[in-house]
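Student:
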Amino acid sequence: MSSGDLKFYYFDLQARGELTRLILAAAGRSYEDIRFGFDKWPEYKPKMILGQAPVLELADGTQLPQSLTIARYVAREAGLAGSDNLESAKIDAVVDTQKDVNETYFSKVFPEKDETKKAEELKKFLDETVTKHVENLGKLKKAYSKDEKYFVGDKLSWADLFVFQSIQALLQAVPEVKGKFGEQFKPLMDAINGNENIKKYLDARPQTAF
Amino acid sequence: MPSYKLYYFNGRGRAEVARLIFAAAGEKYEDVRYERDQWPAHKAEMPLGQMPVLEVDGVKLPQSLSIARFLAKQFHLAGKDNFEQAQVDAVVDTIYDCLTKYVPIRFETDEAKKEELTKKFLAEELPKHLQNFETLGKLYGKGGHFFVGKQLTWADLLFFDVGAIILQVDSNAFNNHAWLKQNRAEVEKQPKIAEYLKNRPQTQF
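Sequences listed follow chains R and H, in order. According to full-length UniProt numbering, the first sequence is numbered sequentially starting from 1. According to full-length UniProt numbering, the second sequence is numbered sequentially starting from 1.
#1: When you compare the CB of R:R72 with every CB in chain H, is at least one pair closer than 8 angstroms?
#2: Is the beta carbon of R:E183 within less than 7 angstroms of some heavy atom of the ligand FAD?
#3: If the cut is a Cβ gap below 7 angstroms, which residues of chain H does R:L140 touch?
#4: Secondary structure at R:D96, three-state DSSP: helix, strand or coil?
#5: Only counting runs of 3 or more residues, tell me where the beta strand (DSSP E) segments fall wholly within the UniProt domain "GST N-terminal" (2-79) of chain H, in order along the chain.
#6: Would you tell me roughly how many angstroms separate the C-alpha atoms of H:W93 and R:L50, rounded to the nearest one?
#7: Mind reading off the beta-carbon distance from R:L161 to R:I23? Whole number of angstroms is fine, and I expect it under 8 angstroms.
#8: Tell me where the alpha helix (DSSP H) around R:K155 begins and ends.
#9: Going by the DSSP bridge assignment, what does H:I166 pair with across the sheet?
#10: So R:R21 contacts chain H; which residues on that side make the cut at Cβ distance below 8 angstroms?
#11: Using the C-alpha atoms, what's the distance from R:D39 back to H:P47?
#12: Does any residue of chain R bring its CB to less than 8 angstroms from the CB of H:L65?
#13: Could you tell me if R:K45 is buried or exposed, where buried requires 16 or more neighbouring beta carbons within 10 angstroms of its beta carbon?
#14: Given that a residue counts as buried once 16 or more other Cβ atoms are within 10 Å of its Cβ, and exposed if not, what is R:M1?
#15: Give the DSSP-derived three-state secondary structure of R:D147 in the structure shown.
#16: Straight-line CA distance for R:E128 to R:N136?
#17: How is the beta strand (DSSP E) around H:E116 delimited, first residue to last?
#18: Among residues of its own chain, excluding the 5 on either side of R:Q98, which ones have a beta-carbon nearer than 7 angstroms to its beta-carbon?
#19: Here's a check: name, in chain order, each residue in its chain whose Cβ is nearer than 6 angstroms to the Cβ of R:L122, leaving out the five neighbours to either side.
#20: Which residue spans inside the UniProt domain "GST C-terminal" (81-205) of chain H form an unbroken alpha helix (DSSP H) run of at least 4?
#21: Name the DSSP bridge partner or partners of R:L32?
#22: Between the segment 117-132 of chain H and the segment 165-172 of chain H, do three or more beta carbon pairs fall short of 8 angstroms?
#23: Take H:A44 as the anchor and find which of H:V56, H:D31 and H:K60 has the nearest alpha-carbon.
#24: Note the first and the last residue of the continuous alpha helix (DSSP H) segment covering R:L22.
#25: When you compare only the Cα positions, how much space is there between R:A59 and H:K80?
#26: CA-CA distance, R:R76 and R:D12?
#27: Can you tell me which of the three DSSP states R:Q14 falls into?
#28: Quick one: measure Cβ to Cβ for R:A93 and R:A27, integer angstroms, because I've assumed they're closer than 8 angstroms.
#29: Closer than 8 angstroms, Cβ to any Cβ of chain R: which residues of the segment 77-89 of chain H, in chain order?
#30: From H:K150 to R:K139, what does the alpha carbon distance come to, in whole angstroms?
Laid out in structure tokens, this is it:
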């Protein structure tokens, strides 16, 4: 498979691009990982289908926008999206649940410029949002998992990678969150960190601010 | 044949796209609607203490878009291959981005602030979302009236539903968007949808 097959356009950041990169890594799929700084964005923006990034471009030039749509597509191609429609839906439900929390952080905490207000929002986020979220993830895992590691069924899916990436990103941004996840996701994190393809990717990926 | 049960409030809200999918597919389901005062008694029965929830053969699924995508795939309204499904998902996410921007405004309790935010949304936010919808429809729709691949998918049903909300805010919203107007007209005239729209309960939201 030539990397001319697939082009992934995003900033030189993790943020909304990293999930797709992790899925492609897990799948052992080669692709062109096109990364640019904010200074280069004005050059790329007009070439992106909705003037936004990330974008996935196929060999014939067709483009897909929307980070989670892209992630779901490459996950499906790689067999990381469940073995039937119901499993895919359970995976989507875990993804949507994690997404809700990420969006809460990005809309309420991250953009707040006033230091006092930001500390307030962060405390609320940690005490209320994250606490409830860890509970919710636990409930979904209990309902959908067939083993102690993965969220749905008994194999790795892109829901696991999304939770993994989100927790890592949150830990980097807010180290105080460390204790909130307890031990319940440790088997999952260990399994992902130990996955040969993923480990290779994690060891080699560029260090970025977020 | 699986049995389906959809749980939501007595309103369209975040469940209506699932109801439209059932209707378009001509598929049966139990349409459970809780009034506000009934909800507290049932909250603990739902996986995340929220609705909508779809129960399929005893398995409960939360999250409105995950539910809709599942049903659409069950009933062949999701796109005919993996890439078409992704195009449908891209349209859905783009529609949802617009809705996400509007929802906090809709629920603003200060009337003066709400009016100001609504004006700002209509002038600054909405036009670029509508432009994005048309860009995707024209590209993925291959010259047809539907968003993806010349046939009805749940992307069209979601746009029909969200479009109604937009038109409530500004009845002229689509005046400069003939493609979007035409798309909604095509959905509305599908016989099973027309029948459903005629008979569905009239609710506040």
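For every residue, glycine included, the Cβ atom is placed at its ideal position computed from N, Cα and C.
Tutor: This is what the structure gives:
#1: So yes, R:R72 belongs to the interface.
#2: Within the structure as shown, the ligand FAD is missing, as the structure has no ligands at all.
#3: Within chain H, the residues placing a beta-carbon under 7 angstroms from that of R:L140 are P47, ordered along the chain.
#4: helix
#5: 4-9, 30-34, 53-56 and 59-62
#6: First, the residue type needs correcting, since residue 93 of chain H is Asp and not Trp in the sequence shown. Each residue's alpha carbon lies about 12 angstroms from the other.
#7: With 8 angstroms as the limit, R:L161 and R:I23 qualify as a contact, their Cβ atoms being about 6 angstroms apart.
#8: Note, R:K155: premise wrong, no alpha helix (DSSP H); not H, not E.
#9: None, per the DSSP bridge assignment.
#10: What R:R21 touches in chain H: nothing, since even the nearest Cβ is about 17 angstroms away.
#11: Counting only the Cα atoms, R:D39 lies some 44 angstroms from H:P47.
#12: Residue contact check for H:L65 against chain R: a CB pair falls below 8 angstroms.
#13: exposed
#14: Note that R:M1 scores a pLDDT of 46, beneath 50, so its modelled location is shaky; the value from the coordinates is reported in the next line. The residue is exposed, with fewer than 16 neighbouring Cβ atoms inside 10 Å.
#15: coil
#16: 12 angstroms
#17: Element bounds for H:E116: not the beta strand (DSSP E) but the alpha helix (DSSP H), E111 to K120.
#18: F162, V163 and S166
#19: V109
#20: 82-106, 111-120, 126-140, 154-169, 178-188 and 191-199
#21: With the sequence shown as reference, residue 32 of chain R is identified as Glu, and Leu is not the correct amino acid for it. Paired residues: R:K7.
#22: Using a C-beta cut-off of 8 angstroms, the segment 117-132 of chain H makes contact with the segment 165-172 of chain H, since at least three inter-stretch Cβ pairs fall below that distance.
#23: H:K60
#24: E18 to A26
#25: 20 angstroms
#26: 25 angstroms
#27: coil
#28: Not confirmed; about 22 angstroms, so no contact.
#29: N82, F83, Q85, A86, Q87 and D89
#30: 40 angstroms
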